[in-house]
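Colleague:
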Amino acid sequence: MTDSRTREAEWVPPMELDPGRAAPVPAAEEEAIIAGTAPRTAGERLPALLAVDDRPKSRVGRWLVGAVAALVLVALGFDTWDLLNRSFATSVALGALVASLAVVAGGAAVAMLVGELRSLRRLRRIEALRQEAERLSGAVEPGEADRFAGSLTRLYAGRTDLAPSLERVKDHVTDAHDDHEVVRLLDREVMAPLDSRAYQMVLRASRDTAVATALSPAAVVDLAVVLWRNLKLVREIAALYGARPGYVGSLKLLRRMLANIAVAGVAESAHHVAVEALGGSLAAAISTRMGQGVINGLLTARVGVTAMHLCRPIAFGAENRPSLGQIRKELLSLPKQVL
Amino acid sequence: MRIPVFNDLFDAGTRFVERAGDLVTGGILEQDVRLGVTGLRRAGKTVFVTALVDNLLKAGRLPFLDVVSSGRFQAARLRPQPDPDVPRFDVERYLAALTGPEPHWPEPTRGIGQLRLSLRYRPNAVIKRTLQPVATLNLDIVDYPGEWLLDLPLLRQSFAEWSTLTLELAARPPRDELSAAWRGWLATVDPGAPAEEETARRGAALYTDYLHACRRSDNVLSLIQPGRFLEPGEWKDAPLLTFCPLPGEKRGRGSLWALMEERYEAYKAKVVRGFFSEHFARLDRQIVLIDVLGALNSGPAGMSDMKRALELSLEPFRHGSAGWLDWLFGTKIDRVLFAATKADHVASHQHNSLRHLLDRLVSDARSSIRFEGAQVDTMAIAALKCTETVVSEHEGRQLRCVRGVPIGRDRPTVLFPGEIPENADFPPGRDNPYKFMAFQPPDNLAHETRGLPHIRLDQALQFLLGDYLE
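Protein chains in written order, with the numbering used here: chain L, 98 to 436; chain H, 45 to 514.
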């Protein structure tokens, strides 16, 4: 919006205009965009992103990362070359085998990188969408929410399970809704069902982890179960929302997961100590195991909820923020179910 | 034989439970809520009630009403109203007027009308859900001429106070011209003289003419008391309505003053108090409809007149947070929504400015109601959306305009009604900055199956009734 002075300078008296020259632009634009047909450049689609991402980055840090990565690559290359030479020296068959292994490893690495980059491009869109949604919640500029709705619709274009909700939003949005309302409508109609499904996933994962770690005999099994279930949960949630968490988000998730694994390991070791301290009875053994399971379950739930926060195109508001309360209740009733 | 006996007992038990269940769903645990639709005349009460009923019956355009969007809403039906001595709100006639082959706005309301709408829904709250899987909410709505609302402040004013205020107001522009005849007559009579019916009738007639002139005036004048002088309802030609304000001090027995005062008090006791206690004293929720755009059209004088009328008309209501002792001491209104109606007369990007303007207009009333403990919100709504926002170019500028068919014409026009500044009521230094027009109802509503198109009616309902429908 222009500031008040320029608006005053351009003040237009009330009047009637020629109906023939009026264009129902908002409606037509809305249609086109919600249908996802209007091609737009990234800059045009997401004006917020360009403005936001200009914070100065540490140049030294980037040099460090680059240099270390290059060193590792060079060392790897030398070693591989060395290995190849030695195996060819031993026998041609062994050399061929090692060479093909190296080729497969290289190819797989490249493929992974490409996959990662592609998912990264998608993820960028999610982060940009989030910023856009947040901005629109406060803004009153008309028309931009339609673009936002269009971007979201394109993100979920292939999802048959979301088609009815998107259709409903398209039905409900009129030219009288402002941007904040359009975002709220998308949040309610499209995101809310996804949220409850994601919440069920988190609940299931945390129950699995809790039961498995409570029953598992060895610390190693605990670690493996926690790691596997956490990773699976994050993947499920990302697939549900149609986007992976960003760099920062991934780091945060990774840290949470590592903490979970550490706790799982420590809890398993501490279990023996606790049982000793409590007198070694069966009851003591069972209760410490249960406690351990509940803790692991809760930590898994925390990873899941964090993943939900990071993958959601529209950030959670104050009233629909997922809470651990329900999960905690569920987990605390678990000993009763298992015993 | 033991097992059949056991079976019989079991069957009896099942029947008992079923019957109890029928009792529960059949009326004992139904919840009633009285929604007070208050608003000065021409604020759009009748159309609001009609659109509300139609939208709840069809439930196709209420994405922001939680109970509907979460799929818990079953259906709504019109039911027999609770008070048999009040005429029914004729929703079918009003709907026919709005959606018929020649759509037009309903005639101004001349009498009272009541309606009960029952909503069936599946509760979300745990306790309610275990008690009854399907709950019923009875929504009672009363419609009445907006003129009558301004009688309510009379309850707290004596004849002398009311006379002073009214005379002061009548002497100020823009009312001074309209009231010239009546004030001329006042100058010739002596309030202390012995009362004569002929004098009283003459005064009341002149005063009524003045009130009619106020109502007809181009400036939207809101403060018109007493309302029954304009819309007498069932009191037509009663002696109760033959009085008018008199200047000066209280006079002795048998004087004209005493006669007028007696009738004023009778008017309060018989007409106003009855109206208030029957329809307003038991309200649970209130929506105050305000025709802000009409007041803007008539300039600063109209705005201040409306502000004063609004504040006066809100005084008698009991606002406050609902408590568990309410069944003993009577209910309080615990949620009030101030709504700027006819928001479709401006382009959609102006709704926010309209709402800010409404905030400023009701700021005093709002804070005093909040102080009492009730929740207050403001919104820009339109019960029936008659226009669409379009973009048109004017001297190289893109203007957001509204397109619709103005009343009295048969072709649509594109209107740029002027822009409301975000932080002021009027753009500084401009004469006639606004030209809001009244539009006809759209002519394609005959086969509308989703409910009448509206602006934010669903959000208004969510604020007013959302917690009942949890």
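From the three backbone atoms N, C-alpha and C, an ideal C-beta is built for every residue, glycine too.
Source: prediction; values computed, not measured.
#1: State yes or no: is the beta carbon of residue 305/L nearer than 7 Å to at least one beta carbon in chain H?
#2: What did DSSP end up calling residue 408/L once you bin it into helix, strand or coil?
#3: State the CB to CB distance for the pair residue 199/H and residue 315/H, rounded to an integer number of angstroms; the pair is presumed to be in contact (CB under 8 Å).
#4: Thinking C-beta only, is residue 295/L closer than 7 Å to residue 334/L?
#5: If contact means a Cβ-Cβ distance below 9 Å, which residues of the region 474-490 of chain H contact chain L?
#6: With 7 Å as the threshold, decide whether the Cβ of residue 333/L is near any Cβ in chain H.
#7: With C-beta atoms as the reference, is residue 308/H less than 7 Å away from residue 470/H?
#8: On the CB-based measure, 16 or more other CB atoms within 10 Å of its CB, does residue 287/H come out buried or exposed?
#9: Check this for me: beta carbons of residue 421/H and residue 507/H, under 7 Å apart or not?
#10: Mind checking if residue 112/H is an interface residue toward chain L, Cβ cutoff 7 Å exclusive?
#11: Please classify residue 253/L: does DSSP put it in a helix, a strand, or coil?
#12: Could you give the C-beta distance for residue 159/H and residue 91/H, rounded to a whole number, given that I count them as a contact under 8 Å?
#13: Leaving out the 5 sequence neighbours to the left and right, which residues in its chain are closer than 6 Å to residue 497/H when beta-carbon positions are compared?
#14: With which residues is residue 436/H paired in a DSSP beta bridge?
#15: Closer than 8 Å between beta carbons: that is the criterion. Which residues of the region 423-438 of chain H meet it against chain L?
#16: Given that residue 390/H touches chain L, what residues does it touch there, using C-beta distances under 7 Å?
#17: I want to verify the contact list: residues of chain L whose CB lies under 9 Å from the CB of residue 460/H, in sequence order.
#18: CB-CB under 7 Å to residue 255/H, same chain, minus the five flanking residues each way: which ones, in chain order?
#19: Considering only the beta carbon of each residue, do residue 364/L and residue 389/L sit closer than 7 Å?
#20: Spatial neighbours of residue 392/H within its chain, please: CB distance less than 7 Å, with the 5 preceding and 5 following residues excluded, ordered by chain position.
#21: Quick check for students: name the residue ranges of the alpha helix (DSSP H) that lie wholly in the region 286-359 of chain H, counting only runs of 4 or more.
#22: For residue 380/H and residue 363/H, which I take to be in contact (beta-carbon distance under 8 Å), what is that distance rounded to the nearest angstrom?
#23: Less than 7 Å between the beta carbons of residue 426/H and residue 386/H, yes or no?
#24: By alpha-carbon positions, which one of 285/L, 258/L, 247/L, 231/L ends up nearest to residue 417/L?
#25: Would you grab the beta carbon distance between residue 178/H and residue 118/H for me? Rounded to a whole angstrom, and I think it's under 8 Å.
#26: Contact check, residue 190/H vs residue 89/H under 8 Å by CB: the rounded distance?
#27: Over what stretch of residues does the beta strand (DSSP E) that includes residue 76/H continue unbroken?
#28: Please list the partners that residue 275/L has in chain H, where partner means a Cβ-to-Cβ separation under 8 Å.
#29: Closer than 8 Å, Cβ to Cβ, to anything on chain L: give me those residues from the region 76-110 of chain H, in chain order.
#30: In chain H, which residues lie with their C-beta within 9 Å of the C-beta of residue 286/L?
#31: Hey, how far is the Cα of residue 382/L from the Cα of residue 372/L?
#32: The beta strand (DSSP E) spanning residue 468/L covers which residue range?
#33: Could you tell me the distance, in whole angstroms, from the CA atom of residue 79/H to the CA atom of residue 353/H?
#34: Quick one: any contact between the region 336-344 of chain H and the region 475-490 of chain H, if contact means 3 or more CB pairs under 8 Å?
#35: Taking residue 457/H as the query, report the chain L residues whose CB atoms sit under 7 Å from its CB, ordered along the chain.
#36: Nearest CA to the CA of residue 485/H: which residue from 127/H, 76/H, 144/H, 97/H?
Modeller: If we stick to the structure as given:
#1: Output row for residue 305/L: interface = no.
#2: helix
#3: So it is not a contact: roughly 11 Å between Cβ atoms.
#4: yes
#5: 474, 476, 477, 478, 479, 480, 481
#6: Not one chain H Cβ lies under 7 Å of residue 333/L.
#7: No, these two residues do not count as a Cβ contact at 7 Å.
#8: Buried is the call here.
#9: yes
#10: No, residue 112/H lies away from the interface with chain L (no Cβ there is under 7 Å from its Cβ).
#11: coil
#12: Rounded, the Cβ-Cβ distance is 14 Å, inconsistent with contact.
#13: 429
#14: 443/H
#15: 426, 429, 432, 433, 434, 435, 436, 437, 438
#16: Near residue 390/H there are no residues of chain L at all, since even the closest Cβ is about 10 Å away, more than 7 Å.
#17: 109, 110, 111, 112, 113, 114
#18: 268, 273, 274
#19: yes
#20: 433
#21: 300-310, 317-323, 336-341, 343-358
#22: The pair is a contact, with the Cβ atoms about 6 Å apart (cut-off 8 Å).
#23: yes
#24: 285/L
#25: So it is a contact: roughly 7 Å between Cβ atoms.
#26: 6 Å
#27: 75-83
#28: At a C-beta separation below 8 Å, residue 275/L has these neighbours in chain H: 392, 393, 395, 396.
#29: 105, 107, 108
#30: 107, 113
#31: 6 Å
#32: Residue 468/L cannot be examined here, being either before or after the span of chain L that is shown, 98 to 436.
#33: 21 Å
#34: yes
#35: Under the 7 Å cutoff, chain L gives 113, 116.
#36: When 127/H, 76/H, 144/H, 97/H are compared, the shortest CA-CA separation from residue 485/H is found for 144/H.
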